[in-house]
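Undergrad: Sharing a structure here in structure tokens format.
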Amino acid sequence: MLQMFTLYAVVILGVAFASGQMQELDGEWEQFKTKFNKNYDDDEVQRRLTWEDNFDFINEHNRQFSDNEVTYQVAMNEFGDMDLEEFISTMTGLLSSDEKPEEKEFVDVEGLPKEVDWSKKGYVTPVYSQGQCGSCWAFAALGSLEGQHFKATGNLETLSAQNLIDCSGPEGNMGCNGGLMDQSYKYIEVNKGVDTNLSYPYVGQNGKCHFTRSGVGATQKNFVDLPKGDELALQKAVAEIGPIAVAIDAQAQGFQFYKSGVYVNKDCSPAILCHAGVVTGYGVQDGTDYWRFKNSWGTSWGMDGYMLTARNHNNQCGIASQSSYAIV
């Protein structure tokens, strides 16, 4: 009889604990929906389950960070109701490239500065949000051109990613379904310019091309692809040229929910690249070399839209596998 009573008491306590935990999560869930303006029709139950999985991942990862087992922190953000597969298919957009890589050459970095941050020198426009449109490639290419245009003219202009989404199909880009930086540069060359974001605003969906010559914000003469996988060549270019467009493997929950610290992920691929952004600088934090990566997922992601990702870690996540810059 005593054993049955003990078992019953354990079951009751377990149910009570689970109920309390669910109530606590209920509050967190409601806060998440309010903060990120989430409204659901028929799929709220599934979205809630996905969010709970991500909530558990974030808590466990940050426990590891507290125990010095990992080098970066994560946090809940607007992507908390997406599993990784949906997140990658929705929030990236880099197409595979068949461009032949440049051969590696010896690069002397001895005289280069130990730290570079072009955003402090006026070369970098504010972080934008691509929304649920696979247009990372457009923001990456324009990030490089914006820097070089500023270098040449002293005028920092936010250029139109929507112009590239709508108009660069003949060069091989596919709008919100993906594209490449090189194909974007080719369009700008052939078109003799790209509009400003003010004259051709971003809407984050495919549309008809309505480029206007009067709205042009920058032109370019050519572009350069850096040697594939060569982080020293990338460092030299960042130090001497300015912000550089790069591709990256973003297929990890740690990337999805990155918040701060130096992102180290030995499991990501230097070859399977799905996303693009801009390296705006580099440096060292707590003994770990990093690249300063400007993303296009808005300022609520990462460090106000930026990530510090490991540098000189065997081309981690392919940061130097597909890097390029515009020539104006």
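If you count by mature numbering (1 follows the signal peptide of the UniProt record, and there is no 0), then the sequence shown holds residues -20 to -1, 1 to 308, one letter each, in order. Where is the CB? At the ideal position from N, CA and C, for every residue including glycine.
Taking the CB atoms as reference points, tell me whether residue 181 and residue 104 lie closer together than 8 Å.
TA: No, Cβ-Cβ distance for residue 181 and residue 104 is not below 8 Å.
Undergrad: What are the start and end residues of the alpha helix (DSSP H) that includes residue 161?
TA: Residue 161 -> alpha helix (DSSP H) spans 161 to 171.
Undergrad: Is it buried or exposed, residue 135, if we count other Cβ atoms within 10 angstroms and call 16 or more buried?
TA: exposed
Undergrad: Taking the DSSP output, what are the residues bridged to residue 339?
TA: No statement about residue 339 is possible, as the shown extent of the chain runs from -20 to 308 and does not include it.
Undergrad: When we look at the beta-carbon of residue 252 and count the other beta-carbons within 10 Å, is it buried (16 or more) or exposed?
TA: exposed
Undergrad: Would the stretch 235 to 244 count as touching the stretch 53 to 68 if we require 3 or more Cβ pairs under 8 Å?
TA: The answer is yes - the stretch 53 to 68 touches the stretch 235 to 244, with three or more Cβ pairs under 8 Å.
Undergrad: Going by Cα to Cα distance, which pick from 261, 78, 125, 35 is closest to residue 99?
TA: If we check each option's Cα against that of residue 99, 261 comes out closest.
Undergrad: Assign residue 20 to buried or exposed, taking buried as 16 or more other Cβ atoms, counted over all protein chains shown, within 10 Å of its Cβ.
TA: exposed
Undergrad: Could you tell me which whole alpha helix (DSSP H) segments of length 4 or greater appear in the stretch 175 to 227?
TA: 211 to 220
Undergrad: Closer than 6 Å by C-beta to residue 158: which residues in its own chain qualify, once you throw out the five before and the five after it? Chain order, please.
TA: 73, 75, 114
Undergrad: Within 10 angstroms of its Cβ, does residue 26 collect 16 or more other Cβ (buried), or is it exposed?
TA: With fewer than 16 other Cβ atoms from the protein chains shown falling within 10 Å of its own Cβ, residue 26 counts as exposed.
Undergrad: Where does residue 137 land, buried or exposed, given buried means 16+ other C-beta within 10 angstroms?
TA: buried
Undergrad: Buried or exposed: which applies to residue 106, given that a residue is buried once 16 or more other Cβ atoms fall within 10 Å of its Cβ?
TA: It counts as exposed.
Undergrad: Need the endpoints of the beta strand (DSSP E) that residue 240 sits in, please.
TA: 238 to 243
Undergrad: May I have the straight-line CA-CA distance separating residue 178 from residue 109, to the nearest angstrom?
TA: Each residue's Cα considered, the two are about 15 Å apart.
Undergrad: Could you give the first and the last residue of the continuous alpha helix (DSSP H) run that contains residue 125?
TA: 116 to 133
Undergrad: Got a sec? Which residues, its chain only, sit under 6 Å from residue 276 by beta carbon, not counting five neighbours each side?
TA: Counting only Cβ-Cβ distances below 6 Å, and skipping sequence neighbours, we find 108, 110, 116, 119.
Undergrad: Counting only the same chain and skipping the five closest in sequence on each side, list residues whose C-beta sits under 6 Å from that of residue 167.
TA: 148, 151
Undergrad: What does DSSP give as the partner residues of residue 274 in its beta bridges?
TA: DSSP output for residue 274 lists 258, 286 as bridge partner(s).
Undergrad: If you count every other CB in all the chains shown that lies within 10 Å of the CB of residue 255, and 16 or more means buried, which is it?
TA: buried
Undergrad: At the level of alpha carbons, what is the spacing between residue 51 and residue 176?
TA: 38 Å
Undergrad: Can you grab the Cα-Cα spacing for the pair residue 9 / residue 38, in whole Å?
TA: 14 Å
Undergrad: Quick one: Cα of residue 297 to Cα of residue 228, how far?
TA: For the pair residue 297 and residue 228, the Cα-to-Cα distance works out to about 6 Å.
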